[in-house]
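Residue numbers (the UniProt record's numbering): 1 to 152. In this text, a Cβ means the ideal position worked out from N, Cα and C, and glycines have one as well. Small disclaimer: the values here were computed from a predicted structure and weren't measured. Step one of this worksheet: look at the structure below.
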């Protein structure tokens, strides 16, 4: 009769909203990555709108950031509030590069380019990229991932 009502597992506690830096978010993601089971992909943190699932990061952040952070599903690169469009574009280009390499077994880079700049014409010719991005992307040596930062 006088039993305490147990909190439902489905009830989500509300997180305090705080100013969190990109470094704070990166540390929380790294800690989550270290603690998660090996068969659980890091992509579980990334929602459809490329924002992060702060409920999963709550044990590490103990708060929700006041500004949104976005993460590329393809490269796992983290962006602040201004980076949503860049994260979307990176995912689009990386997906096109991956598909191109599956189809042709070669990298879609500009011939003899020392920086391995992505050749958008090659991607468009195979129907893998609808429109040319407004910036250059480069192929890295790390698992054929792309970056918008020109190598040195």
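Exercise. From the DSSP output, in three-state form, read off residue 65 for me.
Key: Along the chain shown, one-based indexing puts residue 65 at 65. Note: residue 65 maps to strand in three-state DSSP.
Self-check item: Status (buried if at least 16 other CB within 10 Å, exposed otherwise) for residue 50
Solution: One-based indexing of the chain shown puts residue 50 at position 50. Residue 50 should be labelled buried.
Practice problem: Report yes or no: do the region 31-44 and the region 95-111 share at least 3 C-beta pairs separated by less than 8 angstroms? | Solution: no
Quiz item: Rounded C-beta distance between residue 31 and residue 76? I'm assuming under 8 angstroms.
Solution: As a position in the chain shown, residue 31 is number 31, starting the count at 1. As a position in the chain shown, residue 76 is number 76, starting the count at 1. Residue 31 to residue 76, Cβ: 15 angstroms. No contact.
Quiz prompt | Cβ-based neighbour list, residue 28, same chain, cut-off 6 angstroms, excluding 5 preceding and 5 following | solution = Numbered from its first residue, the chain shown carries residue 28 at position 28. Cβ neighbours of residue 28 beyond the five flanking positions: 57, 60, 61.
Quiz prompt | Close-in-space but distant-in-sequence residues of the same chain around residue 132 (CB under 6 angstroms, 5 per side omitted) | solution = As a position in the chain shown, residue 132 is number 132, starting the count at 1. Around residue 132: 120.
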